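Sequence lines, in order, name chains A and B. Once you know that position 105 of the first sequence is 105 in the numbering used here, the rest is easy, because the numbers rise by one and skip nothing. If you count the second sequence from 1, you need to add 1000 to reach the numbering used here. Here's the structure we're looking at; comments come further down.
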Amino acid sequence: MPGQATAISQIEALARWALIGDPTTASGEDMVSLGRLPNVTRDPSLFRQNVLNEVGQTLKSYGTVMDHEIVITMKRRSAAILAAMVSEYTDATTSRSMTTAHGELTGATLCLVTDEVKANGTPLTDLTTEWYTSVVSTDLGAIANQIINGDDDQTYDVTFLAQTVATDQDDQSLNAGYEQAFAGDPADAINESTPTAWSLPDVGTW
Amino acid sequence: MEPARRGHVVTEFASALANVSAEDSGKEYRVRRPSVKEALIILAVVERASGGDWDPWRDLKEVCAGWLPPGLFLSVFAGDIPRHKSLKFIGDLMKRGLSEAHEKNLESTQKKARKTSWREIIAEYATAWGMSPGEVLSASWPVFIAMYAEIERQRAREQLRMWEAVATARPGGKIDSLKRRADFGEKIYESPDSMDDDWFERQMERARSWRSRETNGEA
């Protein structure tokens, strides 16, 4: 008989460099760098269900990784860059404005990079680099409003949910286990007989 | 002796000093490293500590009798040798085997002991490395000096992890001070607010390009 379902959070909070956008276009031109984020929290939201026998002994357990939740804390410039990706927010250099519409970012690939990789100029294929194949955030309107109205020293928090997708942004099939989140070389994610590798930005350009 | 360099075998962990020559006969002896307890008594005598009925010279001879090989002991404490010469020999012998970096650590630890006490330093060491005070007193003196310096670096690294998790990183201030103490060296920890305008404009262009693709349905 089914037993107790438990949600297991494994939250890690560390500073990271972040890039977001489309890694499949030439030379990483569509990967936008947000710079160094002082705090990034990643919660894989593991879900476990135990199957028990009549006397309450665990027979087996099964579970899955739910949607990764990634919360990033940004300084002002990072927030301005991220907000500029959202159509509802407009930066006209001499002025900034936003519509009253909902600020949403969908379908972008998020990449989190350690200080060591950045400092050493290691490629983004390093095993410590985390990739979230497709993320969605629905609260960018809030930070856009904060950027317009806030002061220079405050920080901005945005929550992303990592979605599970079958293909990358170039419509290439993804291998099982790579559809939501993975670390290391994106070449291992693609399940095509003639794959087109993701074109990652060069060291020093992000 | 050339001081041990980072990445090379550190001499503090060797079990014994070699080639200690007796001044009168020139004979060479192999001497083990003093323990923390032996070293503290010797330091107290060298620094002319006093108190109550304590006879420093008697205690020094008792410690050295347990520490030095018999031949060397007799040579150092022979009746006709002035006490200050014996004391200098013992004091110099204690410092041998410490690398240049750890000689500095010894000075700063002694300075701290003068402000607080050796008891406090031993208690701190014992807590940091999960040892009893007795185990600390039996530990090798050069290793004690080397590892005491590590406590500060490890603490700074732990604090830094906590700060990076809950605090915002501001240029300068506590985080940079912790990074220096944690010996993280020259690494890039710039916040985007301190990166140059060219970088910012480049990223803003990319962001606008993404937005244009999304709006026009090119994604």
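Beta carbons are placed, not taken as given, at the ideal position from N, Cα and C, and that holds for glycine. On a predicted model such as this, the values are computed, not experimentally measured, just so you know.
Of the choices the options, whose alpha-carbon is the least far from that of residue i?
i       : options                            : result
A142/A  : L34/A, A84/A, V55/A                : A84/A
T73/A   : N191/A, Q154/A, D43/A              : Q154/A
V1045/B : S1021/B, R1030/B, L1087/B          : L1087/B
V1036/B : R1153/B, W1057/B, S1212/B, A1126/B : A1126/B
V113/A  : W131/A, A187/A, E104/A             : W131/A
S1140/B : K1027/B, Y1029/B, R1033/B, S1021/B : R1033/B
S97/A   : Q146/A, A18/A, T125/A              : Q146/A
Y156/A  : A176/A, T90/A, A80/A               : A80/A
W1067/B : L1043/B, V1031/B, L1074/B          : V1031/B
T133/A  : K118/A, A176/A, A119/A, L140/A     : A176/A
S1138/B : E1038/B, R1153/B, K1027/B, E1028/B : E1038/B
V135/A  : D115/A, T106/A, A119/A             : T106/A
R1048/B : T1215/B, V1136/B, G1091/B          : G1091/B
D202/A  : K118/A, N50/A, T58/A, T90/A        : K118/A
L1043/B : M1147/B, E1107/B, A1078/B          : E1107/B
G28/A   : E1214/B, R1202/B, N1216/B, G1134/B : R1202/B
Quick one, are the C-beta atoms of residue i and residue j less than 7 Å apart?
i       : j       : result
H68/A   : A181/A  : yes
R76/A   : F1200/B : no
I1151/B : H1102/B : no
I190/A  : Q172/A  : yes
N1105/B : A1156/B : no
A1113/B : I1122/B : no
A26/A   : S199/A  : yes
R42/A   : W17/A   : no
L1072/B : Y1029/B : yes
What span of residues does the beta strand (DSSP E) with residue i cover, start to end?
i       : result
T73/A   : 69 to 74
W206/A  : Run containing W206/A: none; DSSP gives neither H nor E here.
R96/A   : 96 to 98
A183/A  : 181 to 183
W1067/B : Counting along the chain, W1067/B falls outside any beta strand (DSSP E), though it belongs to the alpha helix (DSSP H) covering 1056 to 1067.
E130/A  : 130 to 137
G35/A   : 31 to 43
V1076/B : No beta strand (DSSP E) holds V1076/B; the alpha helix (DSSP H) holding it covers 1070 to 1076.
A162/A  : 156 to 163
L112/A  : 105 to 113
Y178/A  : Per DSSP, Y178/A belongs to no beta strand (DSSP E) and is neither H nor E.
V1031/B : 1028 to 1032
Using 7 Å as the limit for Cβ to Cβ distance, is residue i near chain B?
i      : result
A18/A  : no
A142/A : no
I81/A  : yes
S33/A  : yes
A26/A  : no
G21/A  : yes
R77/A  : yes
M98/A  : no
Y156/A : no
A84/A  : yes
T122/A : no
Am I right that residue i and residue j are in contact with their C-beta atoms under 8 Å? What's the rounded C-beta distance?
i       : j       : result
A108/A  : I20/A   : 5 Å
D30/A   : W1210/B : 6 Å
G1063/B : I1041/B : Correcting the residue type first, residue 1063/B is Val in the shown sequence and not Gly. The pair is a contact, with the Cβ atoms about 5 Å apart (cut-off 8 Å).
V158/A  : R1206/B : Not really, about 18 Å apart at Cβ, beyond 8 Å.
D170/A  : T194/A  : The Cβ separation is near 12 Å, so there is no contact.
C111/A  : L124/A  : 7 Å
V1020/B : L1093/B : 6 Å
A15/A   : P38/A   : 5 Å
T24/A   : D168/A  : 6 Å
L140/A  : E104/A  : 7 Å
W1057/B : R1096/B : So it is not a contact: roughly 22 Å between Cβ atoms.
V51/A   : K60/A   : 5 Å
Under DSSP, the alpha helix (DSSP H) around residue i begins and ends at which residues?
i       : result
Q1203/B : 1197 to 1215
W198/A  : Where W198/A is concerned, there is no enclosing alpha helix (DSSP H), given that its DSSP letter is neither H nor E.
D1092/B : 1083 to 1095
R1119/B : 1118 to 1129
V1036/B : 1036 to 1046
R1136/B : Before going on, a small fix: residue 1136/B reads as Val here, not Arg. Start and end: 1133 to 1138.
Please check if any C-beta of chain A sits within less than 7 Å of the C-beta of residue i.
i       : result
M1204/B : yes
W1129/B : no
R1157/B : no
N1216/B : no
A1113/B : no
A1169/B : Below a pLDDT of 50, predicted positions are generally treated as unreliable, and A1169/B, at 45, falls in that range; the measurement from the model is reported next regardless. At least one chain A Cβ lies under 7 Å of A1169/B.
R1153/B : no
K1187/B : Confidence is the limiting factor: at K1187/B the pLDDT is only 43, short of 50, which leaves the residue's position unreliable, though a coordinate-based value still follows. Judged by the 7 Å Cβ criterion, K1187/B is in contact with chain A.
A1207/B : yes
G1172/B : Residue placement at G1172/B cannot be trusted, given a pLDDT of 47 that sits under 50; the coordinates are not used to answer.
R1211/B : yes
F1089/B : no
F1144/B : no
F1077/B : no
F1073/B : no
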